[in-house]
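Chains as they are written, first to last, in the numbering used here: chain P, 617 to 951; chain G, 617 to 951; chain L, 10 to 220; chain E, 10 to 220. Have a look at the structure below before the remarks.
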Amino acid sequence: MKKLINQPEAFVDEMLEGLLLAHGCSLRSVRSDNRALIRADSPRAGKVGIVTGGGSGHLPVFLGYVGEGLADGVAVGGVFQSPGAEQILSATQGVNGGAGVLYLFGNYQGDVLNFEMAGELAEMEDIPTRTVLVSDDVASAPPEEWQKRRGVAGLFFAYKIAGAKAESMASLEEVEAVAKKVVANTRSMGVALTPCTVPEVGRPSFSIGDDEMEIGMGIHGEPGISRTKLRPADEVAAEITQRIVSDLPFKGGDEVAVLVNGLGSTCLEELYIMFRRVAKELEDRDISIYRTYVGEYATSLEMAGCSVTLLKLDGELKELLDAPAHSPFFEQIGR
Amino acid sequence: MKKLINQPEAFVDEMLEGLLLAHGCSLRSVRSDNRALIRADSPRAGKVGIVTGGGSGHLPVFLGYVGEGLADGVAVGGVFQSPGAEQILSATQGVNGGAGVLYLFGNYQGDVLNFEMAGELAEMEDIPTRTVLVSDDVASAPPEEWQKRRGVAGLFFAYKIAGAKAESMASLEEVEAVAKKVVANTRSMGVALTPCTVPEVGRPSFSIGDDEMEIGMGIHGEPGISRTKLRPADEVAAEITQRIVSDLPFKGGDEVAVLVNGLGSTCLEELYIMFRRVAKELEDRDISIYRTYVGEYATSLEMAGCSVTLLKLDGELKELLDAPAHSPFFEQIGR
Amino acid sequence: MPGGLGACLEAVKNEVNEAKDWLIDLDAAIGDGDLGLTMARGFTAIADEYQQSPQADVGRALVRAGMTFNRVAPSTMGTLMATALLRGGKALAGKENPSNEDIVQALEAAIGGIGERGKSQVGDKTILDVLQPAVETLKRELADGKDLPQAWSTALTAAEKGFEQTANMVSKVGRASWFGEKSVGKHDAGAGLGLVLWRAIQKHFEAGRES
Amino acid sequence: MPGGLGACLEAVKNEVNEAKDWLIDLDAAIGDGDLGLTMARGFTAIADEYQQSPQADVGRALVRAGMTFNRVAPSTMGTLMATALLRGGKALAGKENPSNEDIVQALEAAIGGIGERGKSQVGDKTILDVLQPAVETLKRELADGKDLPQAWSTALTAAEKGFEQTANMVSKVGRASWFGEKSVGKHDAGAGLGLVLWRAIQKHFEAGRES
Ligand SMILES: Nc1ncnc2c1ncn2[C@@H]1O[C@H](COP(=O)(O)OP(=O)(O)O)[C@@H](O)[C@H]1O
Ligand SMILES: Nc1ncnc2c1ncn2[C@@H]1O[C@H](COP(=O)(O)OP(=O)(O)O)[C@@H](O)[C@H]1O
Ligand SMILES: [Mg+2]
Ligand SMILES: [Mg+2]
Ligand SMILES: [Mg+2]
Ligand SMILES: [Mg+2]
Numbered sequence: 617m618k619k620l621i622n623q624p625e626a627f628v629d630e631m632l633e634g635l636l637l638a639h640g641c642s643l644r645s646v647r648s649d650n651r652a653l654i655r656a657d658s659p660r661a662g663k664v665g666i667v668t669g670g671g672s673g674h675l676p677v678f679l680g681y682v683g684e685g686l687a688d689g690v691a692v693g694g695v696f697q698s699p700g701a702e703q704i705l706s707a708t709q710g711v712n713g714g715a716g717v718l719y720l721f722g723n724y725q726g727d728v729l730n731f732e733m734a735g736e737l738a739e740m741e742d743i744p745t746r747t748v749l750v751s752d753d754v755a756s757a758p759p760e761e762w763q764k765r766r767g768v769a770g771l772f773f774a775y776k777i778a779g780a781k782a783e784s785m786a787s788l789e790e791v792e793a794v795a796k797k798v799v800a801n802t803r804s805m806g807v808a809l810t811p812c813t814v815p816e817v818g819r820p821s822f823s824i825g826d827d828e829m830e831i832g833m834g835i836h837g838e839p840g841i842s843r844t845k846l847r848p849a850d851e852v853a854a855e856i857t858q859r860i861v862s863d864l865p866f867k868g869g870d871e872v873a874v875l876v877n878g879l880g881s882t883c884l885e886e887l888y889i890m891f892r893r894v895a896k897e898l899e900d901r902d903i904s905i906y907r908t909y910v911g912e913y914a915t916s917l918e919m920a921g922c923s924v925t926l927l928k929l930d931g932e933l934k935e936l937l938d939a940p941a942h943s944p945f946f947e948q949i950g951r
Numbered sequence: 617m618k619k620l621i622n623q624p625e626a627f628v629d630e631m632l633e634g635l636l637l638a639h640g641c642s643l644r645s646v647r648s649d650n651r652a653l654i655r656a657d658s659p660r661a662g663k664v665g666i667v668t669g670g671g672s673g674h675l676p677v678f679l680g681y682v683g684e685g686l687a688d689g690v691a692v693g694g695v696f697q698s699p700g701a702e703q704i705l706s707a708t709q710g711v712n713g714g715a716g717v718l719y720l721f722g723n724y725q726g727d728v729l730n731f732e733m734a735g736e737l738a739e740m741e742d743i744p745t746r747t748v749l750v751s752d753d754v755a756s757a758p759p760e761e762w763q764k765r766r767g768v769a770g771l772f773f774a775y776k777i778a779g780a781k782a783e784s785m786a787s788l789e790e791v792e793a794v795a796k797k798v799v800a801n802t803r804s805m806g807v808a809l810t811p812c813t814v815p816e817v818g819r820p821s822f823s824i825g826d827d828e829m830e831i832g833m834g835i836h837g838e839p840g841i842s843r844t845k846l847r848p849a850d851e852v853a854a855e856i857t858q859r860i861v862s863d864l865p866f867k868g869g870d871e872v873a874v875l876v877n878g879l880g881s882t883c884l885e886e887l888y889i890m891f892r893r894v895a896k897e898l899e900d901r902d903i904s905i906y907r908t909y910v911g912e913y914a915t916s917l918e919m920a921g922c923s924v925t926l927l928k929l930d931g932e933l934k935e936l937l938d939a940p941a942h943s944p945f946f947e948q949i950g951r
Numbered sequence: 010m011p012g013g014l015g016a017c018l019e020a021v022k023n024e025v026n027e028a029k030d031w032l033i034d035l036d037a038a039i040g041d042g043d044l045g046l047t048m049a050r051g052f053t054a055i056a057d058e059y060q061q062s063p064q065a066d067v068g069r070a071l072v073r074a075g076m077t078f079n080r081v082a083p084s085t086m087g088t089l090m091a092t093a094l095l096r097g098g099k100a101l102a103g104k105e106n107p108s109n110e111d112i113v114q115a116l117e118a119a120i121g122g123i124g125e126r127g128k129s130q131v132g133d134k135t136i137l138d139v140l141q142p143a144v145e146t147l148k149r150e151l152a153d154g155k156d157l158p159q160a161w162s163t164a165l166t167a168a169e170k171g172f173e174q175t176a177n178m179v180s181k182v183g184r185a186s187w188f189g190e191k192s193v194g195k196h197d198a199g200a201g202l203g204l205v206l207w208r209a210i211q212k213h214f215e216a217g218r219e220s
Numbered sequence: 010m011p012g013g014l015g016a017c018l019e020a021v022k023n024e025v026n027e028a029k030d031w032l033i034d035l036d037a038a039i040g041d042g043d044l045g046l047t048m049a050r051g052f053t054a055i056a057d058e059y060q061q062s063p064q065a066d067v068g069r070a071l072v073r074a075g076m077t078f079n080r081v082a083p084s085t086m087g088t089l090m091a092t093a094l095l096r097g098g099k100a101l102a103g104k105e106n107p108s109n110e111d112i113v114q115a116l117e118a119a120i121g122g123i124g125e126r127g128k129s130q131v132g133d134k135t136i137l138d139v140l141q142p143a144v145e146t147l148k149r150e151l152a153d154g155k156d157l158p159q160a161w162s163t164a165l166t167a168a169e170k171g172f173e174q175t176a177n178m179v180s181k182v183g184r185a186s187w188f189g190e191k192s193v194g195k196h197d198a199g200a201g202l203g204l205v206l207w208r209a210i211q212k213h214f215e216a217g218r219e220s
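Dropping the structure here:
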């Protein structure tokens, strides 16, 4: 894949420089380390801080969800690489308003290990932390082991809802509890059509035939559940929806939020063609859509494909989902 | 390019169906023709209506800019094809609140001809219309013939500012005047790295070597001004900025809005790497950035590449640029 | 005309569909390559529509065809064809059996419409470079006392010459104009369409004469 | 150790850099292929850092190396290596010339740290399947009265055997675990790294003995 970049090794740091030039009113770095970013108005006294983080190459994940009604801080890793414990600690210190910090991120071992290390260091500084892992990718483990699954676009719902809860000045326990509730009620599955190329690696992350697609593939090219010939969008949407719905399971009468997420080079037009069928599948099952998001919410560089995420809602989650939110990458004015 | 679609001929209509399912609160079709869409709250009595339109395949252009503080109606063509005069007329009727209608769209002949026909039909119904063409693509004609240029991502600034003006209940003449002012002060240039594939055509719109790029290429693959080996982002950004700056020309002391726009498969990370250098080039010339937009604002299906747009601001334009705006594809809360 | 307007539209439809790929290739060289598709769609739609509900008033039939053409093919040429049909139709309003004079007037109105809508003229490397000399020749031949098929046939030679000449011209309007000097050496696609249309009717007359 | 900690770190750095592509390939088969890059980066950084500012206290030096390692290579293995260095360093705090016993204790603390941080154990198809038997053998051989280089050399055989056995195992943790049964037949990349590390020090001892 052709890229508009300079030295591949400079990819992340130049991206961050550009980003801070563009959004310096909203974001700032901690102790001049651009890989530890926090809301410009951090820390907010008495508010639970939410710190997230992970590898680069997934914009707007992760740093795009640092903002009002979302997360407060982020540690930024290399492309598809975990951030270091030091940067996570910096972000933790930067957002600590005295009410504790929630670590909210996707379930990848490198990230888990580094957040764990950072949490131990934060504890030594008397900053209490809790961790909630997002593990929404249905393709990555069987239902009874859902907590072992990878985190994908469902991260968005976790940020949106935990962020709104924290903004309401809830306690660390309350924010943790609602984050766990989101995660327990969120399910995703993706389909990949082409691989992406990590700049420093220089060749595609996996190979796939010109006429093939893979359902269930992970956002770093982790193996999926079925590789087939390229199929029509309607078939793909129907299969993915069925797999997600039967997993939680979502049932007739449920109210859900839907996210149809582009992985990179798949265009918005296609995402709406996919959503069209997802909506029909849900209607057929008497599951009603409360709110819809279509766009690029969690990408894999220039991978082609998309993912579908469903979140089962209740009164509390609906209210928090509808709350306003505001970051350089995501704005929601309210219902 | 692999696509998540069904029958290629159904691409536009299925996309529109999905879009209306997702955003039925904000948008509605006129007389059940999904190719003529208007704001759900149209017509607004006494407000100038802004109608735009053009080919599909450029989301969020065009229909993504129908919303509060933006355009009011849109006629949707086939992929890279003009909409018909009938649909433009429908949108015109749908948004007519008695204060007249501004036709605001990109300078492509097919569109021009159809908007002209529609305008004649609207006149017969006593709906006064004015037309402002966006022609910001520096690569498409010499400076003295800037009004013959094609319209590209600069459309965004035209919608944003004319939309804000119309929202303030200004007259048709006033809205037309400010739209003309935006267009006269907006300059863009793009670079393409890969072609895109129109679904019904099924093969790439042009061919380009695996190690080549083309500066100045149009959003439908129109010929650019120089095809070279792939160059580092910094060089590309510097050249594009230089060409834009010297065209208007932008001068030391000017205040500008900057838009770095992705054409489709180029990832956000790369756009920030480009912006980093654009910002530096402007700083070196003592041109100050008042507001920055980075993202996908006007695409060409899954083409790889990006464009840079500069808008020279004055007090009036700054105020209008800062006004809130809200559509399913673009939200701005204000400064 | 032999078989009336319906048969004539049918003849054009068939000829345009046969020339589809040729038109695509011509347009692809210095345009976007859609001309064959849009014209096949447009001329098929108006022939089929007429077949389903014929109309004695040739003027009205052409106006309706113009509206339909724009709906199914709102490209540059689609809109120019729609304009031509609307103008030609207006000129023939109320006529069920237009005279040769009526036909020439309608054709002049039609190409006048193209030039007005397109803000273009002969020499800009467009369809006008075929239609204008063809209509002029047709008019002169009819004035000289030839019958319509004879005159049309002579005009075809002018159309062909016009088409050939577009290869020497620099594109002044539309998409092809972005190629500037690079457009020299290539025929204009719209001129190709003009030739196809003129030839379609010429063949139709010939078939009518033989039968 | 011959040449002290600095020379030892240098030896490891060189060996890991040499094995870079091999580690990449191993990790690419059932992982993401970054192991060679991250480990080359990590071991280069800590060796260079020590070279620039050596530290007599081996414990302190290792703790510092652990922090550095995590900063430059915060991948799974990078974090496990950092943890191992931190734990090993803590065990050697204040020692300038650690005894054989100290070394065994530090190694046990290090692999204990890996297991704790990774919530993993022997049999999960990880680096532990190399390091655990190697350290056990080292300890036994030293208890039997062998000197450090001898014992280390014998333990290398255990490490090699451990590495070979990972090919028969199903991955239980980390990225490779997503391959489940498909991981059987492939060696574990982290185990490969364990072998490279052990062999690096063995060669270093050998070179020390020869010189
Ligand atoms: N302004 C104009 N006036 C007359 N004819 C024109 C004009 N612009 C283009 N044409 C004709 O239209 C042809 C292209 O038509 P079409 O393929 O429909 O254009 P596009 O694909 O750009 O919408 C050209 O070859 C030329 O003959
Ligand atoms: N939980 C764990 N405990 C111990 N070792 C592990 C664990 N998970 C992975 N490993 C080891 O780490 C190796 C992969 O390291 P690395 O490439 O850094 O992982 P990643 O790229 O997934 O972050 C594996 O081959 C395995 O030996
Ligand atoms: Mg064309
Ligand atoms: Mg066209
Ligand atoms: Mg790895
Ligand atoms: Mg990795």
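Positions of the beta carbon are idealized from the N, C-alpha and C atoms, including for glycine. Note that this is a predicted model, so its numbers are computed, not measured.
Would the beta-carbon of residue i be found less than 6 angstroms away from any heavy atom of ligand 2?
{"i": "P/Met733", "result": "no"}
{"i": "P/Ile777", "result": "no"}
{"i": "E/Thr135", "result": "yes"}
{"i": "E/Thr85", "result": "yes"}
Taking Cβ-Cβ distances shorter than 7 angstroms, what residues in chain G pair up with residue i?
{"i": "P/Arg892", "result": "Glu630, Glu633, Gly634 and Leu637"}
At which residues does the alpha helix (DSSP H) containing residue i begin and terminate?
{"i": "G/Tyr775", "result": "Leu771 to Glu783"}
{"i": "L/Lys148", "result": "Leu137 to Ala152"}
{"i": "P/Asp902", "result": "Where P/Asp902 is concerned, there is no enclosing alpha helix (DSSP H), given that its DSSP letter is neither H nor E."}
{"i": "P/Ser645", "result": "Per DSSP, P/Ser645 belongs to no alpha helix (DSSP H); it is in the beta strand (DSSP E), Leu643 to Val646."}
{"i": "E/Glu27", "result": "Gly13 to Glu27"}
For ligand 5, is there a heavy atom less than 6 angstroms away from the beta-carbon of residue i?
{"i": "E/Asp43", "result": "yes"}
Flag residue i as yes when its Cβ comes closer than 6 angstroms to any non-hydrogen atom of ligand 3, and as no otherwise.
{"i": "L/Asp36", "result": "yes"}
{"i": "L/Gly40", "result": "yes"}
With respect to 6 angstroms, is the separation between the Cβ of residue i and the closest non-hydrogen atom of ligand 1 below this value?
{"i": "L/Arg73", "result": "no"}
{"i": "L/Ala198", "result": "yes"}
{"i": "L/Gly127", "result": "yes"}
Along chain G, in chain order, which residues have C-beta atoms closer than 9 angstroms to that of residue i?
{"i": "P/Pro848", "result": "Leu620, Ile621, Asn622 and Gln623"}
Residues of chain P with a CB under 8 angstroms from the CB of residue i: which are they?
{"i": "G/Leu917", "result": "Cys883 and Glu885"}
Can you pull the chain P neighbours of residue i, defined as C-beta to C-beta under 9 angstroms?
{"i": "G/Val910", "result": "Gly634, Leu635, Ala638, His639 and Pro944"}
Against residue i, what residues of chain E qualify as contacts under a CB-to-CB distance less than 9 angstroms, listed in chain order?
{"i": "P/Gly726", "result": "Pro83, Ser84, Thr85, Met86, Gly87, Thr88, Gly183 and Arg184"}
Would you call the stretch 868-882 of chain G and the stretch 915-927 of chain G touching, i.e. three or more CB-CB distances under 8 angstroms?
yes
Determine, using beta-carbon pairs with one atom in the stretch 74-81 of chain L and one in the stretch 45-54 of chain L, whether at least three such pairs fall under 8 angstroms.
yes
For the pair the stretch 171-178 of chain L and the stretch 197-212 of chain L, tell me if three or more CB-CB distances fall below 8 angstroms.
yes
Every unbroken beta strand (DSSP E) inside the stretch 624-692 of chain P [3 residues or more]
643-646, 649-655 and 665-672
For the stretch 858-925 of chain P, list the alpha helix (DSSP H) runs that are entirely contained and at least 4 residues long, ordered along the chain.
884-900
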